[in-house]
Amino acid sequence: MHAPLRVLGALLAASALAAVAPPAPLLGFGAASSARERADEARFLDLPSAQGALDHAAVIAAHPHYAGTPDDRALAEYARDRFAEYGLDARLETFTARVDTPRRLVLELYPDGRIYVPRNGAHRARGVPPVGLDLREAGDPSDPPTLDPAVGLPFNTGSGDGDVVARLVDARRGTPGDFAAVNARGAVALIRYGAAFRGQLAHNAQDAGAVGAIFYDDPADDGALKGPVYPHGPWRPSASVQRGSLGEGIRIPVLPVSADNAGILKSALERGHRPLVHLAVELNRTTATLWNTVGVVRGTSAESVVLGAHRDAWVYGVTDNGAGTIALLEAARGLGYLAKSGWRPKHSIVVALWDGEEIGLRGSTAYANAHAAELRAGCIAYLNADENVTGPTFRAEAVGALGPALIDATRAVADPARYHTTVHDRWSAQKNGIELRTVGGGSDHEPFLFGFGTPVAELGFHGPFGPYHSSYDTLRYATTFSDPGFALHRTVAQLYGILAMRLADSDVPPYAFASYVPVLNAGIVQLETRAKRDGRALELSALRGAVDAFAAAARRADEAIARGGGPGTERTLAAAQAIDATAYGAIGYADVAFPEIAKAYASGDSAATVAAVDHARAAIDRAAALLR
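In my numbering, each residue's number is its place in the sequence shown (first place is 1) plus 2.
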């Protein structure tokens with residue numbers, strides 16, 4: 003009996019040792035620095051609060067705050083004052099940008115296809131009087147802010163000016179294929195939102211010879227055919243209108259309308275009378291002062307980690323982007339408290355609330371231009387927070403290098419809906435498990451990722467969000483459908499804070515370079531597949547060889563980084579920038595792999611394509627050399 007007892011005793015001793023064994027060091031940290039980091043994180047996690055998030059939301063929801071308006075400035079100053087109160091170095095950075103507002107918007111329908119001519123003496127009337135469409139959002143009495151005249155008329159910034167009477171055509175989803183199937187020359191195109199970035203759809207209409215375009219949201223995409231609409235559910239009411247920027251280069255008049263108004267237009271088309279429409283769009287185009295709000299927790303080095311969220315909105319924007327604004331305000335509360343108590347990170351943490359995102363990423367672009375040298379030399383990461391609390395499903399996107407650090411951060415934050423579980427547990431239990439989305443375009447990460455190759459990431463909780471870019475994006479909507487109680491807003495603030503702390507305080511940037519390899523290989527496969535489909539030659543063997551060599555260097559670097567060592571901050575950052583600037587791109591919202599190669603290939607210029615492939619190969623070789 004003695005031998006089994008000795009075995010049992012040994013097992014019990016081993017279990018006791020395992021129970022008290024310190025956890026493995028965090029990525030990018032040594033054992034001692036990892037222990038300090040975990041202690042700091044434990045203090046931080048108690049500081050963001052759901053009540054604080056609700057308090058910020060009430061301020062955000064009080065007035066529409068379109069870019070450049072007095073209420074936009076008031077919100078910028080509110081955020082600055084909160085940053086200062088929390089202990090950050092706080093300031094407003096002003097800049098100027100073109101801001102469009104509607105001067106005259108008209109949409110009339112001539113349902114029988116004839117211009118109405120009223121009776122004049124002995125001359126009989128010709129045609130029928132036009133039907134003037136009400137362009138306002140109806141609002142809902144159960145949510146009084148939606149009835150406020152300050153909501154204004156929906157419009158698309160970047161639209162051309164114009165006053166046209168032309169036949170109406172249904173261009174369906176507005177793709178090149180849709181326009182190939184209809185004669186849009188000289189017509190006004192009715193286009194269903196959703197196939198691509200709205201600016202690309204407007205360009206498609208313009209390229210097809212249309213003299214105007216009308217956008218609408220179909221109830222099958224985000225309205226009644228998906229489920230109950232607001233105020234009874236989270237989907238878009240048929241009287242709601244999606245505003246939005248078109249970007250640059252649109253010369254024709256473009257106007258967004260509700261599904262109700264689109265139904266009137268489609269009914270006229272279905273009756274077969276070749277209806278005409280009168281479309282008029284005139285915008286005020288002014289150069290206005292805008293305000294970025296910036297708060298800084300000073301570090302001991304020249305490098306920085308930047309957290310950013312846009313503060314402006316089309317109307318109330320309690321979700322887009324009050325959610326991101328709130329997350330960063332609450333994260334700043336916690337980070338500032340730590341700083342007041344003596345904590346100082348290795349790298350500075352910059353918390354920025356951008357203006358003018360909805361009209362074309364104006365604030366983040368202005369900041370990137372003003373701080374280009376320091377961002378290029380030392381921005382470890384940019385963490386974007388945009389429209390990131392709309393429901394219960396966790397979602398994240400990141401460039402390859404930041405994926406493992408982001409995933410690990412979700413293990414440190416509790417799931418507010420389930421005791422003794424983490425966000426990582428929730429994410430793992432979802433249908434697709436732990437899934438990192440590919441970074442595309444359409445938000446404030448663009449100037450950082452596409453301008454400097456800065457590693458970027460974004461995270462949040464998602465679900466149906468019918469009121470997108472409408473007056474129904476209110477506090478009542480957010481507290482009823484997006485996040486009752488605002489516990490998820492607190493959780494998002496905790497996640498951004500934890501990830502920022504780890505990026506800012508690690509011994510070496512906690513990048514995982516091997517995570518780039520599947521991204522690079524997938525991009526090569528996409529290019530090869532496209533060339534095969536087109537029957538064109540595209541030689542990528544040298545590029546594939548560069549990726550293989552990079553993979554070997556990445557594995558060795560990752561092993562060292564995992565222990566808090568490796569090539570050092572300057573070299574690891576430069577390597578990540580080289581890959582990011584080469585591998586990631588976007589057209590509108592959609593991601594594009596190897597954008598320089600894709601653009602050259604699409605142009606049909608063989609010499610430019612060969613040069614782009616060689617440029618990408620050289621960048622990957624350079625990254626591998628930096629990691630050796």
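Ideal Cβ placement from N, Cα and C applies to all residues, glycine included. Please read these numbers as outputs of a predicted model, since none were measured by experiment.
Nearest to residue i (by Cα), restricted to the options the options
{"i": "residue 554", "options": "572, 576 and 514", "result": "514"}
{"i": "residue 295", "options": "312, 287, 569 and 609", "result": "312"}
{"i": "residue 398", "options": "41, 566, 501 and 547", "result": "501"}
{"i": "residue 493", "options": "215, 330, 93 and 280", "result": "330"}
{"i": "residue 524", "options": "594, 619, 420 and 503", "result": "594"}
{"i": "residue 186", "options": "212, 83 and 606", "result": "212"}
{"i": "residue 388", "options": "28, 584, 233 and 498", "result": "498"}
{"i": "residue 58", "options": "310, 618, 629 and 328", "result": "328"}
{"i": "residue 376", "options": "434, 426, 305 and 343", "result": "305"}
{"i": "residue 358", "options": "444, 352, 427 and 214", "result": "444"}
{"i": "residue 237", "options": "246, 225, 262 and 472", "result": "225"}
{"i": "residue 631", "options": "510, 541 and 537", "result": "The structure shown does not extend to residue 631, since the chain is modelled only from 3 through 630, so no value can be given for it."}
{"i": "residue 626", "options": "172, 589, 550 and 565", "result": "550"}
{"i": "residue 223", "options": "587, 416 and 469", "result": "469"}
{"i": "residue 260", "options": "567, 192, 516 and 288", "result": "192"}
{"i": "residue 233", "options": "567, 609, 38 and 140", "result": "140"}
{"i": "residue 2", "options": "207, 44 and 196", "result": "Beyond the ends of the chain as shown, which are 3 and 630, falls residue 2; an answer cannot be given."}
{"i": "residue 42", "options": "171, 628, 60 and 496", "result": "496"}
{"i": "residue 142", "options": "272, 288 and 240", "result": "240"}
{"i": "residue 110", "options": "200, 165 and 420", "result": "165"}
Run of the alpha helix (DSSP H) containing residue i, from where it starts to where it stops
{"i": "residue 572", "result": "571-585"}
{"i": "residue 364", "result": "364-372"}
{"i": "residue 53", "result": "52-63"}
{"i": "residue 426", "result": "425-431"}
{"i": "residue 549", "result": "543-563"}
{"i": "residue 1", "result": "Because the chain is modelled from 3 through 630, residue 1 falls outside the range shown and cannot be assessed."}
{"i": "residue 80", "result": "72-88"}
{"i": "residue 412", "result": "405-412"}
Sequence-distant residues of the same chain with beta carbon closer than 6 Å to residue i, five excluded per side
{"i": "residue 579", "result": "455"}
{"i": "residue 613", "result": "none"}
{"i": "residue 603", "result": "611"}
{"i": "residue 128", "result": "119"}
{"i": "residue 615", "result": "545 and 599"}
{"i": "residue 297", "result": "85, 90, 92, 334 and 353"}
{"i": "residue 319", "result": "475"}
{"i": "residue 229", "result": "235 and 237"}
{"i": "residue 131", "result": "118"}
Residue i - DSSP class collapsed to helix/strand/coil
{"i": "residue 97", "result": "strand"}
{"i": "residue 10", "result": "Legend: pLDDT at residue 10 = 39, less than 50; position of this residue unreliable, no value from coordinates given."}
{"i": "residue 527", "result": "helix"}
{"i": "residue 388", "result": "coil"}
{"i": "residue 361", "result": "coil"}
{"i": "residue 396", "result": "strand"}
{"i": "residue 147", "result": "helix"}
{"i": "residue 104", "result": "strand"}
{"i": "residue 536", "result": "helix"}
{"i": "residue 315", "result": "coil"}
{"i": "residue 43", "result": "helix"}
{"i": "residue 119", "result": "strand"}
{"i": "residue 254", "result": "coil"}
{"i": "residue 419", "result": "coil"}
{"i": "residue 179", "result": "helix"}
{"i": "residue 379", "result": "helix"}
{"i": "residue 510", "result": "coil"}
{"i": "residue 15", "result": "Here residue 15 scores only 42 on pLDDT, less than 50, and its place in the model is too uncertain to base an answer on."}
{"i": "residue 518", "result": "helix"}
{"i": "residue 135", "result": "coil"}
Own chain residues within Cβ distance below 7 Å of residue i, not counting five before or after
{"i": "residue 464", "result": "392, 393, 395 and 397"}
{"i": "residue 485", "result": "391 and 491"}
{"i": "residue 56", "result": "488"}
{"i": "residue 618", "result": "545, 584, 596, 598 and 599"}
{"i": "residue 429", "result": "396, 412 and 436"}
Contacts around residue i, its chain only, beta-carbon distance under 8 Å, and the 5 residues preceding and following it disregarded
{"i": "residue 607", "result": "none"}
{"i": "residue 301", "result": "346, 347, 348, 349, 350, 351 and 506"}
First through last residue of the beta strand (DSSP E) which encompasses residue i
{"i": "residue 356", "result": "350-356"}
{"i": "residue 2", "result": "Past the edges of the chain, shown from 3 to 630, lies residue 2, and the structure says nothing about it."}
{"i": "residue 157", "result": "No beta strand (DSSP E) contains residue 157, which DSSP labels as neither H nor E."}
Whole alpha helix (DSSP H) elements within the stretch 437-507, 4-residue minimum: 448-454 and 489-507
In chain order, each alpha helix (DSSP H) run of at least 4 residues that lies wholly inside the stretch 256-308: 261-272
Every unbroken alpha helix (DSSP H) inside the stretch 189-251 [4 residues or more]: 200-209 and 221-224
Secondary structure, beta strand (DSSP E): runs of 3+ residues fully inside the stretch 592-622: 592-595
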